[in-house]
Structures are given as structure tokens and as C-alpha cells.
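Numbering (the numbering used here), first residue to last: 936 to 1352.
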């Protein structure tokens, strides 16, 4: 007679108990963790008896608890007004490390009436970088500015704000980028953690090996700056949230196109300045290294000689002066939280999330055709060579909710009549 053997569950974290022969997972853990009710893991790996469980704490420790293996079926329920009210004064950081309230990203006197906030993974993630590159090529600020209701995009990552310049340059993103190193916004808005890849989306064109290698190289380049381990939580995944006015007829926030165009010009200028500053810094470092090598044989130069101002002779002082000349004024940009850098403390009109999507895997952002549809833009983006993936991108809708895109089309038609 054959002796039955235990078969390992698809996911040991949610293994069902066997009263006669406990599994290895049960021996190691006397209490099985249960998934929170708001986020139900895939039915393929979860026993029905474990779909209910105790509620998790809403404190900071809840972030670690929402740690699933494999694909996570995130609940795309829209955040309530109470949730938005709770997090509106949480803070994010811009590229200069300046703090801004989360509310100032989506409402205020000089903020667009509709704002899509995209939460990405860590700043070294090649897949999120590719997503923003694809998005930026298909959805331009100019196209958003010309919609019947002014619309804009903001990006939030979970790493160190010092990496934002690198990230903006790598993605060619013309939209403002912020950092939430605490991940509190991710937690309160229901975004979870996983390393599951999931199916390859249409916005990914590079193969996995090339993308992963690019991420590693990006991290290595940050070692001299001490930022190699500050990209953010590698398991944190994000999502997309569209903020729109509670009252579409509200006269508040009549943002002029001129203001929005100035924002676009400023973002482009700052990205160019960041790239130029990085190139100049690399050139200065190379020159300083060559200079140290030439002067290593002569250490008796007078430190107070006239050469110190040009960087010859007194190596360290000269290098410092050169760096100041290169980076002078780069750390003094206007606020990015408001659409034109003006006062972000203006209360603005009340807004709510009318459409949202939470990622289930590390490459599960909403496809570009759906995003353009939600924003009310014409077109579907640039088609890819893989017809199967492109067809799926055109047909599949991941998000939940109803944006004002339909009403804007009516407004556009009425204006043209």
C-alpha cells in the first residue's frame, strides 16, 4: 500500500492545515497569517477557508504585513473622501529635498483641475523607467493642457529625492517627480509589496535580462554618491490615481494655458540643466583626478599662491571652487508642487479620486491606450511589433471608476458647435 506524501502548497504563506500530518510551514509557524480583507490574493493559490482574516493595523507596521508572494489581486476600490482627507497633509519631497503636502500636488490656485498621480517603484526599476519613457512619448504636456478641463500628471517614487534628477534624465519625463521615502502614501492608498513579474505588458520593449542589467548599472553609478542603497523598497509596487473636482462647475482654479506652458518650459529647462550639471561634474572630476596625478610628484607648492583659484597647486581648494562654479544656483528652483511655482498653501477646490488602478505585479502599470482614454486624449499611443500584446493592451481595462473624459468630450463638441 502506497504511503501518501504531503504535497507543498502553491503558496506556503497561505497553506491549509492538515490535522493528521502538519506541513513544514505549519511546523515552523504555529499561527498562519491571513491576507487583509481589502486585498485578496490569487484564487489559484489560496484556500477559500483563508479568505477572511483579522484586520491589520493601519500603522506603519502594516506596510511589512502587506507582503505577498506572487501576483496580488489588489482591490481597485476608489479611496474614500475620508482617506483622501487623512493623507492630504502627508509630505513628499521634490528634487531639492524641499517638502510639499500631498494635497498641493493635486489642488490649489495654480494647479490643473485634473491631476493623474502615478506611483512608481524604486528609482532603479528599469521597467517603471520604460513605462514613463513610453508614457512621455505618447502623452505630452501640451496635449493635456489643451483639454477642456486643464489636466496634468505628477509622479511619485519611494526612494531618496537626490535620485530624482537621475530618474528624470533616464525617463525623459517632462512631468514633476517627487519622493515618498516613508511609503506612507503607498500604504494608505492600498498599494502592496511583491516581486512577482507577471505577464509582460505592451509598454515593455526590452527583455528582462537587459532591463535588470540596466538597473544594476544604474545602482553602481550611484555608489560614489552614497545613493546605491537609497533607491527605495525593491518590493514596493505602485499604481495610478486620478484626482478630479467634486464640483465640475466650480469657478476655482481657472488655470490659464500661459501658466501651464510656463510649467512645461520650466520642467524642460530643469531637466536640461540637470543633465548639463551632471556632465560638467563628471568633466570636473576627471580634470581634478588628472591634476592630482600631475601634482603628486610636487607636494611643496605654496597653498596660498595665486594658483589656488584656478585649481592648480592647492588641489582641494581649487576643486571646491570649481564645483561651486559648476553647481552655483542649481539648488534654488521654484516650488514644483504648484503648477507655476507659486504659493502652494492655497486651499483650492475639493477633489476626489474618480478612477484608480493598483498594480498586482512589478510590471503592471495601466497600459497607455487605457490611460489616454481615461484622460480624454485622442489616439491610442504608438503600436508595438508584438500584435498579441498590443491587441490585449487595446482591449483590456485594468482600472476602476469613471473619469470626466466623457463629459469633456461633450464640452468639446458643444464648444465646436
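Even for Gly, the Cβ is constructed at its ideal location relative to N, Cα and C. Values in this document were obtained by computation on a predicted structure and should not be read as measured data.
Taking its Cβ as the centre, do 16 or more other Cβ atoms sit within 10 Å of residue i, making it buried, or is it exposed?
i: residue 1337; result: exposed
i: residue 1267; result: Legend: pLDDT at residue 1267 = 30, less than 50; position of this residue unreliable, no value from coordinates given.
i: residue 1021; result: exposed
i: residue 1134; result: exposed
i: residue 1012; result: exposed
i: residue 1051; result: buried
i: residue 1184; result: exposed
i: residue 1153; result: buried
i: residue 1145; result: exposed
i: residue 1130; result: exposed
i: residue 1316; result: buried
i: residue 1151; result: exposed
i: residue 1165; result: buried
i: residue 1155; result: exposed
So, for residue i: in the same chain, excluding its five sequence neighbours on each side, which residues have a beta-carbon less than 8 Å away from its beta-carbon?
i: residue 1147; result: 1061
i: residue 1099; result: 1029, 1030, 1058, 1092, 1112, 1113, 1114
i: residue 1078; result: 1312
i: residue 1346; result: 1083, 1084
Please list, in chain order, all residues of the same chain as residue i whose beta carbon is under 7 Å from its beta carbon, the five residues on each side excluded.
i: residue 1107; result: 1068, 1071
i: residue 1019; result: 1287, 1288
i: residue 1305; result: 1332, 1333, 1334
i: residue 1023; result: 1036, 1037, 1038
i: residue 1123; result: 1018, 1021, 1022
i: residue 992; result: Low per-residue confidence applies at residue 992: pLDDT is 35, beneath 50, and the placement is therefore not dependable enough to give any value.
Find out if the Cβ-Cβ distance for the pair residue i, residue j is shorter than 8 Å.
i: residue 1092; j: residue 1037; result: no
i: residue 1324; j: residue 1177; result: no
i: residue 1295; j: residue 1008; result: yes
i: residue 1028; j: residue 1163; result: no
i: residue 1089; j: residue 1120; result: no
i: residue 1128; j: residue 1168; result: yes
i: residue 1340; j: residue 1301; result: no
i: residue 1342; j: residue 1125; result: no
i: residue 1065; j: residue 1140; result: yes
i: residue 1303; j: residue 1015; result: no
i: residue 1143; j: residue 1311; result: no
i: residue 1109; j: residue 1159; result: no
Where does residue i fall in DSSP's three states?
i: residue 1297; result: coil
i: residue 1089; result: strand
i: residue 1288; result: strand
i: residue 1027; result: strand
i: residue 1113; result: strand
i: residue 1179; result: strand
i: residue 1336; result: strand
i: residue 1184; result: coil
i: residue 1353; result: Coverage of the chain is limited to positions 936 through 1352, which leaves residue 1353 absent and any answer about it impossible.
i: residue 1157; result: coil
i: residue 1055; result: coil
i: residue 1315; result: coil
i: residue 1150; result: helix
i: residue 1073; result: helix
i: residue 1174; result: strand
i: residue 1144; result: helix
i: residue 1015; result: coil
What distance in whole Å lies between the Cβ atoms of residue j and residue i, which are believed to be in contact at a cut-off of 8 Å?
i: residue 1174; j: residue 1291; result: 7 Å
i: residue 1056; j: residue 1171; result: 6 Å
Excluding the 5 residues preceding and the 5 following residue i in the sequence, name in chain order all residues of the same chain whose CB lies nearer than 6 Å to its CB.
i: residue 1319; result: 1137, 1325
i: residue 1180; result: 1048, 1284, 1286
i: residue 967; result: Its pLDDT being 41, under 50, residue 967 is placed unreliably by the model, and nothing is read from it.
i: residue 1105; result: 1064
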